[in-house]
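Beneath this line is the structure, given in structure tokens, with notes to follow.
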Amino acid sequence: MQPHAILLLFFFPRTTAEPEGSHTLKLLHFATFHNSTSVLVGGLGLLGDVEMGSLDSRTGNIRYYRPWLRPSLPEGDWDVIESSIKSYVRDFSRLVQLYTTAPYPFVFQSSIGCELQSNGTIRTFFDIAYEGQNFLRFCLDTATWDQVQHSQLAAKAEHLIANASTLNEVIQVLLNDTCVEILRLFIQAGKADLERRVPPIAVVFARTAGQAQLLLVCRVTSFYPRPIAVTWLRDGREVPPSPALSTGTVLPNADLTYQLRSTLLVSPQDGHSYACRVRHCSLGDRSLLVPWENPRASSTVGITIAILLLAAIVTGGIWWWRRSPHITLLSPVLWLWDKVALSAPSKTEKKEAKP
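Positions -17 to -1, 1 to 338 (mature numbering (1 follows the signal peptide of the UniProt record, and there is no 0)) are the ones given, in order, by the sequence shown.
Laid out in structure tokens, this is it:
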């Protein structure tokens, strides 16, 4: 995942996940204002979590990442989209530089898009954020802007944008009609990317967490799509939620797969067996089960096997000795002496070995 994508996903948490069976089209934009004359802009287009294209910060042109993106719309439509994006970025930057009183440097972000849910319901959104915090949101029903974060800056921005009636009408049309139409086309064109399945890789290891305690760690990585279920089993039964159990947030990898970590605090001497169970759509009805190998238990098993083996040898030796009455108690000693004597080099061999 590109650095600017991680930045935008961090600023807009709603873009990191979507309900199973739904599809979302998102256009993300950020503008970093270094001073009153210098601004760095960038943008990203996402279908779900698939990066379709980005905005070149130098030229304002669209960079097409997916081979299916450009053919999915007529060339004339792309000209209109590119021109509209350039106008929006230019006007937004100019507006901020003219009316802002915030100290430099600072960052503005915006997120606009629509979601088509599995039951056919459509949800739209247009959010504006300042320094990573949402502070304005467009209400489609009333064609007005609402303050998410009440501040002097939010009030000033709301008053400024509210007077731009033409802009708000364009946003209404864009969210009501255009966005959903384009989303449906992109879903068909990017079907292979959206239906991609990559099975997870899991490993379990332990770390010392204090006196008489171990922290079992189940690290699951390289899976796609994002939804996944990771649970712990104790003696074959699922471990219920407790302060000892903790599962982190699903995080992106650089290759458009995901990773997750789950931990469980245990006592190494409690006598239980533990395993990490992973369920993911790429596995079908199966699940990935990774047991924790307790080194203390392994050493105990090894000692037990060694004792049993030694007992078997002694028992066999006694049985063999009793079945051979002509063998005296000194026979094993004499046999060992003969072996040593035969393996030792003679005086002649020692002389011949000298250079």
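Yeah, the Cβ is synthetic: ideal placement off N, Cα and C, and Gly gets one too.
Range covered by the alpha helix (DSSP H) that runs through residue i
{"i": "Leu150", "result": "Ser148 to Val156"}
{"i": "Ala227", "result": "Note, Ala227: premise wrong, no alpha helix (DSSP H); not H, not E."}
{"i": "His142", "result": "Gln135 to Ala145"}
Three-state secondary structure (DSSP) of residue i
{"i": "Trp61", "result": "helix"}
{"i": "Gln252", "result": "coil"}
{"i": "Arg41", "result": "coil"}
{"i": "Gln80", "result": "helix"}
{"i": "Asp32", "result": "coil"}
{"i": "Val72", "result": "helix"}
{"i": "Ser245", "result": "strand"}
{"i": "Leu271", "result": "strand"}
{"i": "Arg217", "result": "strand"}
{"i": "Arg46", "result": "strand"}
{"i": "Leu52", "result": "coil"}
Nearest-angstrom Cβ-Cβ length linking residue i and residue j, presumed shorter than 8 Å
{"i": "Ser134", "j": "Phe121", "result": "About 18 Å separates the two Cβ atoms, so there is no contact after all."}
{"i": "residue 365", "j": "Arg202", "result": "Since the first and last residues shown for the chain are -17 and 338, residue 365 lies out of range."}
{"i": "Cys97", "j": "Val163", "result": "5 Å"}
{"i": "Leu239", "j": "Tyr207", "result": "7 Å"}
{"i": "Trp215", "j": "Leu247", "result": "5 Å"}
{"i": "Ala195", "j": "Ser250", "result": "6 Å"}
Beta-ladder partner(s) of residue i, from DSSP
{"i": "Ser67", "result": "BP columns for Ser67 are empty, so no partner."}
{"i": "His12", "result": "Gly26 and Ser93"}
{"i": "His6", "result": "Leu99"}
{"i": "Gln130", "result": "Leu119"}
{"i": "Leu234", "result": "Gln242"}
Extent of the continuous beta strand (DSSP E) to which residue i belongs
{"i": "Leu239", "result": "Note, Leu239: premise wrong, no beta strand (DSSP E); not H, not E."}
{"i": "Tyr257", "result": "Tyr257 to Arg262"}
Contact test: residue i Cβ vs the ligand NAD heavy atom, cutoff 7 Å
{"i": "Ala138", "result": "With respect to the ligand NAD, the structure offers nothing, as it holds no ligand at all."}
Runs of alpha helix (DSSP H) lying entirely within the region 84 to 126, each at least 4 residues, in chain order: none
Runs of beta strand (DSSP E) wholly within the region 152 to 209 (minimum 3 residues, chain order): 184 to 193 and 196 to 206
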